[in-house]
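Each remark here refers to the structure printed beneath this line.
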Amino acid sequence: MVVASRAKKVTTHTLQEMKRANEKISMLTAYDFSLARLVDEAGIDVILVGDSASNVMAGNDTTVPITLDHMIYHAKCVVNAVDRALVVVDMPFGTYQGDSKLALKSAIRILKESGGHAVKLEGGIEIVDSIKRILTAGIPVMGHLGLTPQSIYKFGTYSVRAKEEEEANKLMSDSNALQEAGCFSIVFEKIPADLAGKISKSLEIPTIGIGAGRDCDGQVLVLHDMLGITKQFSPRFLRRYASLGDTINSAVKQYITDIRGGDFPNSDESY
Ligand code: KIV
């Protein structure tokens, strides 16, 4: 991990160097100051302020309702915590599709008001105009292909994408189009591992997988899922590294018991 350990601050260039040096990139979501600080201190390379905040923070069924103001708020909280990681901020649904001027305006607001370092957009050839215009302002862009949750009403389900040849071919040409447009990296969500590996090998920019197998150049998970805080979501690709939901439940139960039993606060905990 020579490139990663040398980097005092991770930039888009660090990620590209990591790909060239065959070093895997680690990425996690965060939406608030306290968890972002822990994640950054642990040495993550990239923090994604994902629009999954819509599900995880706000309890919505989809990522569609979250607004630009919400995303800027979450991103600012994360930026306040981070010393080393690259902070990438999702552009929410309705702030970049079909209107490249709107896309540029939205991306500028994100960078200016939150202090984030880059933006992520979902989609392929159909959003290349927006990507190119955002890049004219010097704002780095990460792409996102495969399962793109903002299009849930088009797909109808959250199942694996690009299993059939036609969709796999489209994914390959979309990946090339995003690289040519100037994206510094692409997220592949829920696509066959072989396909993700093949495209990752053919691209010069790093790919970050979620449910896309081990041959992507890096991996991302939703923090609350991998920590076992959100327990109702259990896709095959999710590895749980902790059971914080259970830990929190026991702690809160014990607190209630202590209050009810007159055990808390004791004299040492009083003035
Ligand atoms: O919003 C999000 O958390 C994401 C990841 C699943 C890649 O886009």
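Sequential numbering from 522 applies to the sequence shown in the working numbering.
Backbone N, C-alpha and C define an ideal beta-carbon position, used for all residues, glycine too.
Note that the structure is a prediction, hence the values are computed from the model and not measured.
Under the three-state reduction of DSSP, which class applies to T550: helix, strand or coil?
Within the sequence shown, the letter at position 29 stands for residue 550. T550: strand per DSSP, three-state reduction.
Start and end of the beta strand (DSSP E) containing V603?
On the sequence shown, position 82 is the one that residue 603 refers to. Run containing V603: none; DSSP gives neither H nor E here.
With respect to the alpha helix (DSSP H) encompassing K622, which residues constitute its N-terminal and C-terminal limits?
Taking the sequence shown and counting its residues from 1, one reaches residue 622 at position 101. Element bounds for K622: S621 to S635.
Looking at C-alpha atoms only, which residue of H595, S696, E643 and A639 is the closest neighbour of G615?
For the purposes of this step, residue 615 is identified with residue 94 of the sequence shown, where counting begins at 1. Among H595, S696, E643 and A639, the Cα nearest to that of G615 belongs to E643.
Among the residues of its own chain, which have a CB less than 7 Å from the CB of I546, if the five just before and after it don't count?
Within the sequence shown, numbered from 1, the residue matching residue 546 stands at position 25. Closer than 7 Å at Cβ, skipping near neighbours: L536, M539, D566, V567, P727, I729, D738 and G739.
Flag this pair as touching only if the stretch 771–783 and the stretch 756–763 have three or more C-beta atom pairs under 8 Å; answer yes or no.
Contact between the stretch 771–783 and the stretch 756–763 is absent, because fewer than three Cβ pairs lie under 8 Å.
Cβ atoms of F705 and M663: under 8 Å apart, would you say?
Counting from one through the sequence shown, the residue named residue 663 turns up at place 142. Counting from one through the sequence shown, the residue named residue 705 turns up at place 184. Yes, Cβ-Cβ distance for M663 and F705 is below 8 Å.
For V649 and L632, what's the separation of their Cα atoms in angstroms?
Residue 649 sits at position 128 when you count from the first residue of the sequence shown. Residue 632 sits at position 111 when you count from the first residue of the sequence shown. Cα to Cα, the separation comes out at about 20 Å.
Is it the case that the CB of S573 approaches a heavy atom of the ligand MN more closely than 7 Å?
This structure lacks the ligand MN; the ligands present are the ligand KIV.
Can you tell me which of T669, L569 and S555 puts its alpha carbon nearest to the alpha carbon of H638?
In the sequence shown, counting from the first residue as 1, residue 638 sits at position 117. The shortest Cα separation from H638 among T669, L569 and S555 belongs to L569.
If you count every other CB in all the chains shown that lies within 10 Å of the CB of T669, and 16 or more means buried, which is it?
On the sequence shown, residue 669 is found 148 positions in, with the first residue counted as 1. When all chains shown are included, T669 counts as buried.
Rounding to the nearest angstrom, what Cα-Cα distance links D611 and R735 in this structure?
Residue numbering aside, residue 611 sits at position 90 when the sequence shown is read from its first letter. Residue numbering aside, residue 735 sits at position 214 when the sequence shown is read from its first letter. Those two C-alpha atoms are separated by around 23 Å.
Ignoring anything shorter than 3 residues, give me the beta strand (DSSP E) runs that lie fully in the stretch 662–720, in order along the chain.
662–667 and 706–710
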